[in-house]
Amino acid sequence: MRSIRIWFTKKDTARYISHLDLTRCLIRAFRRTDIPLWYTEGFNPHPYLVFGMPLPLGVEGLREVLDIRLNDDDYPDERVLSELNRATVPGIEFLEVSAPKEKPLAIVLGKYSVIIPDVEAPEEFSNKCKTAVAEGNITIEKKTKKGGTKEINVCEHIRHFHSSFDKNGVILSFVLPAGNDFTVNPVLFCNKLFEIIGESDITNHKIIRHILMAKDEKEFR
Amino acid sequence: MYKDKIEKILPLVQKPARYTGGELNSVVKNKDDIDIRFAFCFPDTYEIGMSHLGMKILYSLINSKENYWCERVFAPDTDMEEALRKNNIPLFALESRDALTEFDAIGFTLQYELCYTNVLNMLNLSNIPLRSKDRGDTLDTPIIVAGGPCACNPEPLADFIDIFEIGEGEEMMIELLDLLNEYKKNNKSRKEFLLAASKIEGIYVPSLYSVTYNEDGTIKEFTATNGAPRVINKRVVSDLDNVFYPESFVVPFVEVVHDRVVHEIFRGCIRGCRFCQAGFWYRPIREKTVETISKQSQKLACTTGYDELSLCSLSSSDYTKITELLEELLGWAVPQKINVALPSLRIDNFSDELKEKLALVRRSGLTFAAEAGTQRMRDVINKNISEEEILSTCRKAFVGGWTAVKLYFMIGLPTETDDDVVGINVLSQKVVEEFYSNPDKPKGKGVNVSAGVSSFVPKPWTPFQWEAQDTREELKRKQQLLLETCTSKKIVFRFHNTDLTFLEGIFARGDRKLCDVIEAAYKNGCTFDSWDDKFNFDGWMKAFEDCGISTEFYGSRKRSYDEILPWDHINSGVSKAFLIAENEKAKNAETTAHCRQKCAGCGSNKLNGGKCDALNKNMVH
Ligand code: SF4
Chain F
24 MRSIRIWFTK KDTARYISHL DLTRCLIRAF RRTDIPLWYT EGFNPHPYLV FGMPLPLGVE
84 GLREVLDIRL NDDDYPDERV LSELNRATVP GIEFLEVSAP KEKPLAIVLG KYSVIIPDVE
144 APEEFSNKCK TAVAEGNITI EKKTKKGGTK EINVCEHIRH FHSSFDKNGV ILSFVLPAGN
204 DFTVNPVLFC NKLFEIIGES DITNHKIIRH ILMAKDEKEF R
Chain X
233 MYKDKIEKIL PLVQKPARYT GGELNSVVKN KDDIDIRFAF CFPDTYEIGM SHLGMKILYS
293 LINSKENYWC ERVFAPDTDM EEALRKNNIP LFALESRDAL TEFDAIGFTL QYELCYTNVL
353 NMLNLSNIPL RSKDRGDTLD TPIIVAGGPC ACNPEPLADF IDIFEIGEGE EMMIELLDLL
413 NEYKKNNKSR KEFLLAASKI EGIYVPSLYS VTYNEDGTIK EFTATNGAPR VINKRVVSDL
473 DNVFYPESFV VPFVEVVHDR VVHEIFRGCI RGCRFCQAGF WYRPIREKTV ETISKQSQKL
533 ACTTGYDELS LCSLSSSDYT KITELLEELL GWAVPQKINV ALPSLRIDNF SDELKEKLAL
593 VRRSGLTFAA EAGTQRMRDV INKNISEEEI LSTCRKAFVG GWTAVKLYFM IGLPTETDDD
653 VVGINVLSQK VVEEFYSNPD KPKGKGVNVS AGVSSFVPKP WTPFQWEAQD TREELKRKQQ
713 LLLETCTSKK IVFRFHNTDL TFLEGIFARG DRKLCDVIEA AYKNGCTFDS WDDKFNFDGW
773 MKAFEDCGIS TEFYGSRKRS YDEILPWDHI NSGVSKAFLI AENEKAKNAE TTAHCRQKCA
833 GCGSNKLNGG KCDALNKNMV H
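Okay, structure coming up:
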């Protein structure tokens, strides 16, 4: 048995596949290949799949991560890639296979950008975003593990917030916690930010997660 | 442009993956290479529609023709409908996201009567006139087609649908589209096309027929005009081994009701239960060979990645070579970790070895369609099963470790007395006792008998098509009687909503006068009528009242054998004489042997060149 780490995208229509549905969708993709996937033992064997950090519904991922186990130690990595890319659905592309360096639990941050097209006054929009973040009070509701909700101020957790514009629109970029222990949902953050700057009608923006990071903002490997 | 608007609303709705398209094996073609675009509409949600085998077959079939393109459309859920209307986005097909007005033909499948308002809603969301007569005389407005089991009595939708496909679609669908292609190329009028279409076997164009009524509301005369055929023969596919079957299914992202490889192993049913429309409508019996089923399902498992294969047919265990088939399927399915699921199966006749293999693959709960509580009642409906058979199956299941049994019953059956109703309790109680008399019963565990009790709806093409339906009050009284006479806590009843049953009964045997009611109900806000939480009964009752239509006329009225029934211009093969004979036998609680014991001469084989797989092959009937 051999563990491998697979890097993939989740773009376009695939960004609307919920995490639960993604698991099923990828298991079926594996079943359409000859990849010797390792199954758990027992009465109801199921394949072993561990995802890095689930994406919120609607967010694109450019470098998502999935760990699996192979039954055959000699099955080549390149073949894993080519088989999966043959069996995949639009929007999910498999980029690379690597040996896992860190445990998935090492993931703590995500690097995001937000593309907001067709903005009428991009410069003003962009400035308003900067001001709102600088003012330091963007609270969103977060579910607690016990099933309740609590309020958190995103500004206490956001890093490297940046806002730029061109004639077509505005691009935001930032880093937010995205770990098993603590995570801030970029969708809720954007919705709240737009509400604060009086632009809550916006729904055609696209949030993209570029990479996942470990401690000290080092790219997760 | 509304396509940008679609992107804007997707993040706002529940389970957006139902509206994005892009699923595995969905077919996207280049519009420029296409002669005919067909939108296959399922008048219910994505989760239900994507579970439907008929849609998968026709989708793949049409797309197998290079110059035709079939796309999928489902009824949008309430939140999506709101978003579409608010943003002025027309209903769109999943593959191209084009509006339905851009299609040449739109086909609805009618799986149950209570989807009719959804059909109207989908037309309305597409900005297509609801009534055929308002669609102009060119072929520019899409031709509205409908098929599926409810098309066996198409009359309640006669004013809305241009063309009905009566019977099995695999062959007539392509013939129809070929004709449309030809007529479009030659710039023919809508009327010319409809008339030509009416000559295709199985095609019914309601606007070519006129109906007059007697004073009491019954049909006086049904006349074909413009040279349309007087009788429409149900279309029957003769050879299931050689008819088209998909090599792949679209695999949905979201979880749908039936998310697996499905295989229909035969059509028709040998049993002849007198209440069952499907059992008569899908006759004659035609079986697929073991080789074909195995080959085709293996291919499907391969192209979809599904880990479950389910056989679907009426009473699957009546397949002649069922043991051989299961052994063949399990042979490749088990090593590939594929479950083989067998709905509605009598496992009594299987060897222990086979049972074990099936158990190894899947332990599904035990369900039993007893249908009625007393032997007399079961004889009336020709459900040829004895109490001892029911109890012995339950006994075996309990010995095998099961602790839950689901039993299915019906109330409101013809000739039913209160003793028959209470008999449901008596039988359920005996099942409970069966559990406790098992010496090896698991310690500390009780038994769970769930009794699903639905209400009988008289349906066209059955021996009971003339019978009165119990009123809502009577059905409620019988439900109450069951609850009052039940003494065991181990029995849990689940009842069907009697208001839904009542409407289903009206539309099942309805005529053209009901078109106005359906439109009125739709305008009163009725959609998704089969969904308990969305069902708007008041909207329906107001519609009947406003249209001056009596519900009793359709529901609780007994018809005489010589009344012209709304579906009499259709020929399902099954003869009226046979249905009358069966109805008379029912009155005397006389049973009819199943088709492999003796052919009852139903007549359905006449539409299949005299052939029926339940008949001795040499015997010409
Ligand atoms: S033709 Fe005879 S054997 Fe065939 S379905 Fe009819 S009654 Fe049964």
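From first to last, the protein sequence lines are chains F and X.
For reference, each letter of the first sequence is one residue, going 24 to 244 in this note's numbering.
For reference, each letter of the second sequence is one residue, going 233 to 853 in this note's numbering.
Heads up, the beta-carbon is just placed ideally off N, CA and C, and yes, glycines get one too.
Next on the checklist: Once DSSP output is grouped into helix, strand and coil, what is the label at I554 (chain X)?
Outcome noted: Helix, per DSSP.
Next on the checklist: Would the stretch 820–829 of chain X count as touching the stretch 502–511 of chain X if we require 3 or more Cβ pairs under 8 Å?
Outcome noted: yes
Checklist entry - Measuring CA to CA, which of X:G787, X:A818, X:I723 is closest to R741 (chain X)? => result Considering only alpha carbons, the answer is X:G787.
Checklist entry - Interface residues of chain F around Y538 (chain X) at Cβ under 9 Å? => result R51, R54
Next on the checklist: Quick check: is any heavy atom of the ligand SF4 less than 7 Å from the C-beta of R515 (chain X)?
Outcome noted: yes
Checklist entry - Should N803 (chain X) be listed as close to the ligand SF4, given that the test is whether its C-beta is under 7 Å from any heavy atom? => result no
Next on the checklist: List, from N- to C-terminal side, the beta strand (DSSP E) runs of 3 residues or more that fit wholly inside the stretch 382–418 of chain X.
Outcome noted: 395–397
Item to check | heavy atom of the ligand SF4 below 7 Å from I869 (chain X) C-beta | outcome: Beyond the ends of chain X as shown, which are 233 and 853, falls residue 869 (chain X); an answer cannot be given.
Item to check | Cα-Cα separation between S682 (chain X) and L93 (chain F), rounded to whole angstroms | outcome: Straight across, the Cα-Cα distance linking S682 (chain X) with L93 (chain F) is about 44 Å.
Checklist entry - Using the C-alpha atoms, what's the distance from T252 (chain X) back to V103 (chain F)? => result 28 Å
Item to check | Cβ distance (whole Å) where E699 (chain X) is taken to contact K790 (chain X) below 8 Å | outcome: 6 Å
Checklist entry - Interface residues of chain F around L242 (chain X) at Cβ under 8 Å? => result Y39, G81
Next on the checklist: Any heavy atom of the ligand SF4 inside 7 Å of the beta-carbon of N616 (chain X)?
Outcome noted: no
Item to check | Among X:V486, X:Y477, X:T552, the one whose alpha carbon lies nearest that of K527 (chain X) | outcome: The option with the nearest alpha carbon to K527 (chain X) is X:Y477.
Next on the checklist: Please report the distance separating the alpha-carbon of D97 (chain F) from that of A533 (chain X).
Outcome noted: 26 Å
Item to check | Whole-angstrom distance between I27 (chain F) and I234 (chain F), CA atom to CA atom | outcome: 18 Å
Checklist entry - Who are the near neighbours of E400 (chain X) in its chain, counting only those whose CB is closer than 7 Å to its CB and skipping five residues on each side? => result R467, V468, V469
Checklist entry - Residue range of the alpha helix (DSSP H) that T226 (chain F) falls in? => result It is not in any alpha helix (DSSP H) - T226 (chain F) carries neither H nor E in the DSSP assignment.
Next on the checklist: My output table needs one value for V489 (chain X): the three-state DSSP class, helix, strand or coil.
Outcome noted: coil
Item to check | 8 Å Cβ cutoff, F306 (chain X) in contact with chain F | outcome: no
Checklist entry - What residue does the alpha helix (DSSP H) around D748 (chain X) start on, and which one ends it? => result 746–755
Checklist entry - To the nearest angstrom, how far is it from the Cα of L592 (chain X) to the Cα of S807 (chain X)? => result Bear in mind that a pLDDT of 43 at L592 (chain X), under 50, signals an unreliable position, so the number given afterwards is only what the model happens to contain. Cα to Cα, L592 (chain X) sits roughly 45 Å from S807 (chain X).
Item to check | Sequence-distant residues of the same chain with beta carbon closer than 6 Å to L598 (chain X), five excluded per side | outcome: A629, W634, V637
Item to check | Residue-level contact to chain F via CB, V593 (chain X), 8 Å cutoff | outcome: Low confidence applies to V593 (chain X): its pLDDT is 41, below 50, so where it sits in the model is not reliable, and the reading given next is rough at best. No, V593 (chain X) lies away from the interface with chain F (no Cβ there is under 8 Å from its Cβ).
Item to check | Cβ neighbour criterion (16 or more within 10 Å) applied to T649 (chain X) | outcome: exposed
Checklist entry - For M282 (chain X) versus T341 (chain X), is the C-beta distance shorter than 8 Å? => result Against a cut-off of 8 Å, the Cβ pair of T341 (chain X) and M282 (chain X) comes out as no contact.
Checklist entry - In terms of alpha-carbon separation, which member of X:T524, X:F485, X:F481, X:V489 lies closest to I497 (chain X)? => result X:T524
Item to check | Span of the beta strand (DSSP E), counted from its first residue to its last, around D743 (chain X) | outcome: Bounds of any beta strand (DSSP E) do not take in D743 (chain X), whose DSSP letter is neither H nor E.
Checklist entry - Going along the stretch 249–262 of chain X in order, which residues come within less than 8 Å of chain F, judged by CB to CB distance? => result A249, T252, G253, G254, E255, L256
Checklist entry - Using 8 Å as the limit for Cβ to Cβ distance, is C213 (chain F) near chain B? => result The chain labelled as chain B is not found among the protein chains of the depicted structure, namely F and X.
Checklist entry - Going straight from the alpha carbon of P123 (chain F) to that of L132 (chain F), what length do you get? => result 18 Å
Checklist entry - How is the beta strand (DSSP E) around D90 (chain F) delimited, first residue to last? => result Under the DSSP assignment, D90 (chain F) falls in the beta strand (DSSP E) whose first and last residues are 83–93.
Next on the checklist: Could you check if A832 (chain X) belongs to the surroundings of the ligand SF4, using beta carbon to heavy atom distance under 7 Å?
Outcome noted: Remark: the shortest separation between the CB of A832 (chain X) and any heavy atom of the ligand SF4 falls under 7 Å.
Checklist entry - Is there a Cβ from chain F that is less than 8 Å from the Cβ of F485 (chain X)? => result yes
Checklist entry - chain F beta carbons: is any one of them nearer than 8 Å to that of E279 (chain X)? => result no
Checklist entry - Using a beta-carbon distance cut-off of less than 7 Å, what residues from the stretch 220–242 of chain F approach chain X? => result So the list reads T226, N227, given in the order they occur along the chain.
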